[in-house]
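Undergrad: Provided herewith is a single structure, encoded as structure tokens, for subsequent inquiry.
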Amino acid sequence: MFPLLTAIVFLPLAAAAVIALLPAARPAAARRIALAASATDLALAAWMLASSRPPAGAAYADSFRFVEDVAWVPQAGIRYHLGVDGISAPLIFLSALLTLLVVLVSWRTEPKPKTWFAMLMLLAVGMNGVFAALDLVLFYVFWELVLVPMYFIIAVWGGPRRQYAAVKFFLYTLAGSVLMLVGILALYLHPVGGTFDMVALAGSTLPRGFQGWVFAALFLGFAVKVPVFPLHTWLPDAHVEAPTAGSVLLAGVLLKMGAYGFIRVSLPILPDASAAWSPAIAALAAVSIVYGAAVAFAQTDMKKLVAYSSVSHMGFVMLGIAAGTVAGLDGAVAMMFSHGVVTGMLFLLVGMVYDRTRTGVLTEVGGLSRSAPVAGGMLAFASFASLGLPGLSGFVGEFLTLVGAWQSPLWRGFVVAAAAGVVLAAAYMLLLVQRAVLGPPTDKVSGIADLSSAEVGLLAPLVALTVLVGVHWSSLLRFVDPAVRALLAAEGAGG
Amino acid sequence: MTGYAALIPEALVLAAALAALFAGLLPGGARTAAGGGAAAAALSAVLAANTGGAGSLLSGTLALDGAAAFVRAAIAALTAAYLMWLAGRGVAGERAGEAAALALLSAGGGMLLASATDLVTFFVAVELATMPAYVLVGYRRDDARGLEGALKYFLLSLLTSLVMLYGLSFLYGVSGSTRYAGLDGGVSGTLGLAGALLVAVGLLAKISAVPFHFWAPDGYAGAPAETVAFVSTVPKVAAMAAAVRLLGLLAPQVPNLPLTLALAAAASMVLGNLAAFPQRDIRRLMAYSGIGHAGYLLMGIVAGTERGAPATLFYAAVFAVPSMAVVLIAAEEGTDVRDLAGLAERRPAAAWAMTAFLLSLIGIPPLAGFVGKLQLFGAALDGAWVWLVVLAVSASAVSAGYYFRLIAPMFLAPAEERPAARAPAPSAPAALALAAMLAVTLAAGVLASPLLRLLGAA
Numbered sequence: 000m001f002p003l004l005t006a007i008v009f010l011p012l013a014a015a016a017v018i019a020l021l022p023a024a025r026p027a028a029a030r031r032i033a034l035a036a037s038a039t040d041l042a043l044a045a046w047m048l049a050s051s052r053p054p055a056g057a058a059y060a061d062s063f064r065f066v067e068d069v070a071w072v073p074q075a076g077i078r079y080h081l082g083v084d085g086i087s088a089p090l091i092f093l094s095a096l097l098t099l100l101v102v103l104v105s106w107r108t109e110p111k112p113k114t115w116f117a118m119l120m121l122l123a124v125g126m127n128g129v130f131a132a133l134d135l136v137l138f139y140v141f142w143e144l145v146l147v148p149m150y151f152i153i154a155v156w157g158g159p160r161r162q163y164a165a166v167k168f169f170l171y172t173l174a175g176s177v178l179m180l181v182g183i184l185a186l187y188l189h190p191v192g193g194t195f196d197m198v199a200l201a202g203s204t205l206p207r208g209f210q211g212w213v214f215a216a217l218f219l220g221f222a223v224k225v226p227v228f229p230l231h232t233w234l235p236d237a238h239v240e241a242p243t244a245g246s247v248l249l250a251g252v253l254l255k256m257g258a259y260g261f262i263r264v265s266l267p268i269l270p271d272a273s274a275a276w277s278p279a280i281a282a283l284a285a286v287s288i289v290y291g292a293a294v295a296f297a298q299t300d301m302k303k304l305v306a307y308s309s310v311s312h313m314g315f316v317m318l319g320i321a322a323g324t325v326a327g328l329d330g331a332v333a334m335m336f337s338h339g340v341v342t343g344m345l346f347l348l349v350g351m352v353y354d355r356t357r358t359g360v361l362t363e364v365g366g367l368s369r370s371a372p373v374a375g376g377m378l379a380f381a382s383f384a385s386l387g388l389p390g391l392s393g394f395v396g397e398f399l400t401l402v403g404a405w406q407s408p409l410w411r412g413f414v415v416a417a418a419a420g421v422v423l424a425a426a427y428m429l430l431l432v433q434r435a436v437l438g439p440p441t442d443k444v445s446g447i448a449d450l451s452s453a454e455v456g457l458l459a460p461l462v463a464l465t466v467l468v469g470v471h472w473s474s475l476l477r478f479v480d481p482a483v484r485a486l487l488a489a490e491g492a493g494g
Numbered sequence: 000m001t002g003y004a005a006l007i008p009e010a011l012v013l014a015a016a017l018a019a020l021f022a023g024l025l026p027g028g029a030r031t032a033a034g035g036g037a038a039a040a041a042l043s044a045v046l047a048a049n050t051g052g053a054g055s056l057l058s059g060t061l062a063l064d065g066a067a068a069f070v071r072a073a074i075a076a077l078t079a080a081y082l083m084w085l086a087g088r089g090v091a092g093e094r095a096g097e098a099a100a101l102a103l104l105s106a107g108g109g110m111l112l113a114s115a116t117d118l119v120t121f122f123v124a125v126e127l128a129t130m131p132a133y134v135l136v137g138y139r140r141d142d143a144r145g146l147e148g149a150l151k152y153f154l155l156s157l158l159t160s161l162v163m164l165y166g167l168s169f170l171y172g173v174s175g176s177t178r179y180a181g182l183d184g185g186v187s188g189t190l191g192l193a194g195a196l197l198v199a200v201g202l203l204a205k206i207s208a209v210p211f212h213f214w215a216p217d218g219y220a221g222a223p224a225e226t227v228a229f230v231s232t233v234p235k236v237a238a239m240a241a242a243v244r245l246l247g248l249l250a251p252q253v254p255n256l257p258l259t260l261a262l263a264a265a266a267s268m269v270l271g272n273l274a275a276f277p278q279r280d281i282r283r284l285m286a287y288s289g290i291g292h293a294g295y296l297l298m299g300i301v302a303g304t305e306r307g308a309p310a311t312l313f314y315a316a317v318f319a320v321p322s323m324a325v326v327l328i329a330a331e332e333g334t335d336v337r338d339l340a341g342l343a344e345r346r347p348a349a350a351w352a353m354t355a356f357l358l359s360l361i362g363i364p365p366l367a368g369f370v371g372k373l374q375l376f377g378a379a380l381d382g383a384w385v386w387l388v389v390l391a392v393s394a395s396a397v398s399a400g401y402y403f404r405l406i407a408p409m410f411l412a413p414a415e416e417r418p419a420a421r422a423p424a425p426s427a428p429a430a431l432a433l434a435a436m437l438a439v440t441l442a443a444g445v446l447a448s449p450l451l452r453l454l455g456a457a
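Structure representation (structure tokens):
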């Protein structure tokens, strides 16, 4: 059988290697190779997504498609084990789509275009790999692989405080994830665990006390990445300093890795600890939702506003995961996908506006609807999608997570707080629309060029996905829901 | 291969050392000596890798098992890479022939040390492995700092060697045998404890673990950087292999020895990784980083599990490769952190290679250092040393901070900040040596399986 997942994961690596070997004087070739690789990757990912729908009622182990499983380091029990189900396949598709878009949007990157595209490709390897890996060590390898290119993307092509932000990003996430490694090792060394296989470990009957310790170790790695309050402080710095493409991938894909870790590793492998910890996680999620929204409200920088809104939105994902119900997890995955699309769109738009006005400060950007009506309209659309307007994709996730949390045994005060977060989101997003889009154009905005047709074409797939998922929920949920049910069944089998 | 034929790798290295002493008579002089030494060491590495399971030799004074094969091959290969670099660049522009001879002698001692299973053989091999290193550290006779460093290194190393010798005599006293086989189960009582602790002192000093680490930063800071690249790696790998054998044998028999070593490991990780932060001299920074890595390495012995020994030896080898390479690049570019500024502009390949080496030292997958740390931490967890593992992972996260102080200027600082271009023109053998080390650093993580098989790890 054609190793489809290996192709999706490692095609960008091949592209990165070829780009690295090119002479420095040929940036055009580097661009074309990155474009060809990411376009092919997207095509493969789309095909993979279309055929990844598990049959209803399949057991967890049977719900994976395109499985590849060979020994890697047999002495240490490490396997090269890949596979996707309806939870991971949409995320790989999202990662491939955003990678292609950032290759296009950063077409004219200077300086060092060659290194830039090599780094983007390397980042794609890690992102795709995390969602495809079914061996814990392999998962960790891809997880850490992401850090290196993102460090360079922020440190070399970022804003004025890029070096500080890049090192902070690297150290925070590294510190979180090394403890995660200890948790992974503990699972392997425990007599009941005894393997790194994420599928075989699912529904395990590990002792409760041991589960609690491993959960705590993994929690740090995942929660920093999500990021959950109070471990989020690296995120605004990283977002503000990162170039547009970096912000898009950071918010669009990297944050999902943390939530995905909770869903794929913590829930099925440590069911008792997950249940025991769920009130605490729900509480942190509720705090993240309200805190992120409140701080976003106070921002004057557009990038920071979107960054804090991400803290808030990822709080909904965590609430759905803490709920642990079918609706909650469906909503969490839908929210992850939708947030990737919508926040990607927001960062792309903010970047496009910044390219024209050289400012991201809200008081200096205003009246886009008059001088650049297409840009203004798109920004308004993305803001509405972000605040969870029914009919657009953000609503699906928020609605389902709130329903799921209400159905779960969690304290309902968390749900009420989260719902208040929805109102706050409406407030700060409308503030963004009011300041940036409506009103008279400011000095910096008047006379700027509107979006070109190429830029509109770039945003078009994101707009289409936002509407498609928002109107026709099952276009996404028909992949997610069977996988979530299989995962919860596996969890129940062990508990 | 039976009997003495199994010692051909050592013989090759020592013969090359003798030949290098007469470098003046060879066409091409010192460069030829280094190049020939590199070829001999490389051949020796290939042969040594194939001697696993040759059994014991010389009535039980040497054991040529899988672990010995791996360490002998690793030492010979590291020496080959070092000499190849030397053939391209020389040592501080002078007398590369003697340096090659000394390095080869030290490597020969290290290879013997890796398979020593007799107290006398052990001591002789330790001295053969480290004596040439003292000379190498003081290689520039006209440099007062170099001589001071060499003297510090020599005196501390000699003192700890003698302390160790005293301990060895205790061990002989309680067990009545100089063979390791006789020590197994034969060490007991106060005298046995004292012997084990005194031997541990010597070995801790050889691997520059806390509290016997003081010589390393000062010793390295005065030495030519290319010397530091060798001295801070090859003798350490050899000493670590000896420690795995001897301390691994003593630890289960001597109460509190594992805890003592665990405390030394913990102190090394904390002190090494924290003290590396303020360093501006790459040699000093790498000295402290080496102290930290000595702490990780000790974990494998502390663990006292089956996984421990192979994990330690594997990590000793995969830590040595990037450490040597980083210092060699510093030898080319200048030893101040600021000398690296703009390296990505000047020599992109060197800058990216340096980045890979440093990331491997941090333990970022899928590089060699990651698999090594995975094995070590797994071994220690297996032995229920949870606090030590948590400390070690915290220390490796912290270490990323100072390694990034080397990465950042290469890419972020403009090249103009660098004072004067003092590096000689790029040289093909040196570049080839670095490329080989890069290949190992990249591949040993992905292809760890055959290496672990060589180690005989189940």
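Protein chains in written order, with numbering that gives the first Met the number 0: chain A, 0 to 494; chain B, 0 to 457. Glycine included, each C-beta is placed from N, C-alpha and C at the ideal position.
Determine, using beta carbons only, whether F398 of chain A comes closer than 9 Å to chain B.
TA: Taking Cβ atoms only, chain B never reaches closer than 9 Å to F398 of chain A, which makes this a no.
Undergrad: Rounded to the nearest angstrom, what separates V402 of chain A and A418 of chain A at their Cα positions?
TA: Using only the alpha carbons, I get a separation of about 11 Å.
Undergrad: Whether or not the segment 143-154 of chain A and the segment 187-198 of chain A are in contact is what I'm after, with contact meaning three or more pairs of Cβ atoms, one per stretch, closer than 8 Å; do they touch?
TA: As far as the Cβ criterion goes, the segment 187-198 of chain A does not touch the segment 143-154 of chain A, which means the pair count is below three.
Undergrad: What are the boundary residues of the alpha helix (DSSP H) that includes D68 of chain A?
TA: Run containing D68 of chain A: none in the alpha helix (DSSP H); it sits in the beta strand (DSSP E), R64 to V72.
Undergrad: Go through its chain and collect everything with a Cβ distance to A384 of chain A's Cβ below 7 Å, but skip five positions before and after it.
TA: The answer, listed in chain order, is V341, L391, S392, G393 and T465.
Undergrad: Report the option in A:P460, A:A459, A:A321 and A:V129 whose CA atom is closest to the CA atom of L409 of chain A.
TA: Checked all of A:P460, A:A459, A:A321 and A:V129; the closest Cα to L409 of chain A is A:A321.
Undergrad: Please report how far the alpha carbon of R244 of chain B lies from the alpha carbon of A308 of chain B, in whole angstroms.
TA: Rounded to whole angstroms, R244 of chain B to A308 of chain B spans 8 Å at the Cα level.
Undergrad: Looking at the C-beta of L188 of chain A, does it have a partner C-beta in chain B at a distance below 9 Å?
TA: Closer than 9 Å to some Cβ of chain B, the Cβ of L188 of chain A qualifies, so yes.
Undergrad: For a contact defined as C-beta to C-beta under 8 Å, what are the partners of A154 of chain A on chain B?
TA: A407, F410 and L411, listed in chain order.
Undergrad: Please name the residue, chosen from A:E490, A:A58, A:V129 and A:V415, that lies closest to A285 of chain A on a Cα-to-Cα basis.
TA: Cα-wise, what sits closest to A285 of chain A is A:V415.
Undergrad: On the DSSP letters alone, give me the boundaries of the alpha helix (DSSP H) that Y401 of chain B sits inside.
TA: Unbroken alpha helix (DSSP H) run through Y401 of chain B: V385 to L411.
Undergrad: At a CB-CB cut-off below 8 Å, which residues of chain A make contact with L390 of chain B?
TA: Those do not exist, as L390 of chain B stays about 11 Å from chain A at its closest Cβ, beyond 8 Å.
Undergrad: For a quick check, are the C-beta atoms of G36 of chain B and A80 of chain B less than 9 Å apart?
TA: Not in contact: G36 of chain B and A80 of chain B (Cβ atoms no closer than 9 Å).
Undergrad: Here's the rule: buried if 16 or more other CB atoms are within 10 angstroms of the residue's CB, otherwise exposed. What is M0 of chain A?
TA: It counts as exposed.
Undergrad: Skipping 5 residues on each side, what residues in its chain have a beta carbon closer than 7 Å to that of R355 of chain A?
TA: These residues qualify, in order along the chain: I447 and A448.
Undergrad: If the criterion is Cβ atoms closer than 9 Å, does the pair G247 of chain B and G145 of chain B meet it?
TA: Contact: no.
Undergrad: Helix, strand or coil for V83 of chain A, going by three-state DSSP, please let me know.
TA: If DSSP states are grouped into helix, strand and coil, V83 of chain A belongs with the strands.
Undergrad: Take every Cβ of the segment 57-68 of chain A, pair it with every Cβ of the segment 23-31 of chain A, and state whether three or more of those distances are shorter than 8 Å.
TA: They do not touch, by the three-pair rule.
Undergrad: Based on the DSSP output, what are the partners of D117 of chain B in its beta bridges?
TA: In DSSP, D117 of chain B forms a bridge with B:R178.
Undergrad: If you follow the beta strand (DSSP E) that L205 of chain A is part of, which residue opens it and which one closes it?
TA: Neither: L205 of chain A is in no beta strand (DSSP E) and is coded neither H nor E.
Undergrad: Between A:P440, A:A6, A:P2 and A:A33, which has its C-alpha nearest A16 of chain A's C-alpha?
TA: It is A:A33 whose Cα lies nearest to the Cα of A16 of chain A.
Undergrad: Can you give the Cα-Cα distance for M323 of chain B and T440 of chain B, rounded to whole angstroms?
TA: Rounded to whole angstroms, M323 of chain B to T440 of chain B spans 11 Å at the Cα level.
Undergrad: Using beta carbons (cut-off 9 Å, strictly below), is A5 of chain B in contact with chain A?
TA: So no, A5 of chain B is outside the interface.
Undergrad: If contact is defined by three or more beta carbon pairs under 8 Å, each pair taking one atom from either stretch, is the segment 76-89 of chain A in contact with the segment 117-124 of chain A?
TA: Touching, no.
Undergrad: How is A62 of chain B classed by DSSP in three states: helix, strand or coil?
TA: Reduced to three states, the DSSP call for A62 of chain B is strand.
Undergrad: Do A204 of chain B and the ligand ZN come close, with the Cβ less than 8 Å from some heavy atom?
TA: Here there are no bound small molecules, and the ligand ZN is not part of this structure.
Undergrad: Could you tell me whether the Cβ of E566 of chain A comes closer than 9 Å to any Cβ of chain B?
TA: The displayed coordinates of chain A run from 0 to 494. Any statement about residue 566 of chain A would go beyond what the structure contains.
Undergrad: Pick out whichever of A:V373, A:V305, A:L367 and A:V395 has its Cα sitting closest to the Cα of L328 of chain A.
TA: Taking only the C-alpha atoms, the option nearest L328 of chain A is A:V395.
Undergrad: Per DSSP, what kind of secondary structure is A48 of chain B in: helix, strand or coil?
TA: Helix, per DSSP.
Undergrad: Short of 9 Å Cβ to Cβ, which residues in the segment 150-178 of chain A face chain B?
TA: Residues Y150, F151, A154, V155, R161, Q162, A165, V166, F169, L170, L173, A174, G175, S176, V177 and L178.
Undergrad: Applying the criterion that 16 or more other CB atoms from any shown protein chain within 10 Å of the CB defines a buried residue, is N272 of chain B buried or exposed?
TA: Its Cβ being crowded by 16 or more others within 10 Å, N272 of chain B is buried.
Undergrad: Grab me the residues of V480 of chain A's own chain with a C-beta within less than 8 Å of its C-beta, minus the 5 sequence neighbours each way, in chain order.
TA: The sequence given here has Asp at residue 480 of chain A, not Val. Here the set comprises G85, V325 and D329.
Undergrad: Taking the Cβ atom as the reference point for each residue, do A133 of chain A and D68 of chain A lie within a distance shorter than 9 Å?
TA: Residue identity check: residue 133 of chain A is Leu in the sequence provided, not Ala. Yes; because the gap between Cβ atoms is below 9 Å, this pair is in contact.
Undergrad: With a threshold of 9 Å between beta carbons, is P277 of chain B in contact with chain A?
TA: No, P277 of chain B lies away from the interface with chain A (no Cβ there is under 9 Å from its Cβ).
Undergrad: Quick one: what's G245 of chain A bridged to in DSSP?
TA: DSSP lists no partner for G245 of chain A.
Undergrad: Excluding five sequence neighbours on each side, which residues of the same chain lie with their C-beta closer than 7 Å to the C-beta of L97 of chain A?
TA: If we look at L97 of chain A and ignore the five residues flanking it on each side, its Cβ neighbours are V247, L248, G251, V252, G339 and G343.
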